[in-house]
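Peer 1:
Residue numbers (our numbering): 14 to 113.
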């Protein structure tokens, strides 16, 4: 989902969730939108996923798109160490509300 598409989606809908995903051992953040049907869309530019270097960069981009609330989701390093898939989608286990 491109930035322009995110802005248009946010203007037309009110039942969605924005996640700012922080990968363990990485200093980069990705933004994901989950719509009411449960479909996930990664924020992209020219067909490639957008990686942000800081939360401030994420805040600025989401504010420009009209988003004022998101969840910071951190993958649990323990899962990666033992070879299990990260479970960052699980509700309330590894996410923190962000309001900006």
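C-beta: ideal position from N, C-alpha, C; glycine also. These numbers come from a predicted model, not from an experiment.
Which stretch, first to last residue, makes up the alpha helix (DSSP H) that contains residue 56?
Peer 2: No alpha helix (DSSP H) contains residue 56, which DSSP labels as neither H nor E.
Peer 1: Could you compute how far the alpha carbon of residue 113 sits from the alpha carbon of residue 31?
Peer 2: Roughly 13 Å separates the two Cα atoms.
Peer 1: If I measure Cβ to Cβ from residue 20 and keep anything under 7 Å in the same chain, skipping five residues before and after, which residues do I get?
Peer 2: Closer than 7 Å at Cβ, skipping near neighbours: 78, 79.
Peer 1: Mind checking which residues open and close the alpha helix (DSSP H) that includes residue 16?
Peer 2: Counting along the chain, the alpha helix (DSSP H) containing residue 16 begins and ends at 16-25.
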